[in-house]
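A.B. asks: Mind having a look at this structure? Questions to follow.
Numbering (the numbering used here), first residue to last: -2 to 31.
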């Protein structure tokens, strides 16, 4: 499975990085934090 950074998600899909972080916090998307 390929993972994307929040910036890559923004560039490819137009979702703000804060939105993707919120989705990760809510468990709507899988994430790995480093």
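Here a beta-carbon is modelled for each residue, glycine too, at the ideal position from N, C-alpha and C.
Check for me: the alpha helix (DSSP H) holding residue 17 runs from which residue to which?
C.D. replies: Counting along the chain, the alpha helix (DSSP H) containing residue 17 begins and ends at 14 to 23.
A.B. asks: Kindly indicate which three-state DSSP category residue 4 falls into: helix, strand or coil?
C.D. replies: If DSSP states are grouped into helix, strand and coil, residue 4 belongs with the helices.
A.B. asks: In its own chain, which residues sit with a C-beta less than 6 Å from the C-beta of residue 17, not counting the 5 before and 5 after it?
C.D. replies: So the list reads 3, 6, once near-sequence residues are dropped.
A.B. asks: Roughly how many angstroms lie between the CA atoms of residue 31 and residue 19, to the nearest whole one?
C.D. replies: For residue 31 and residue 19, the distance between alpha carbons rounds to 16 Å.
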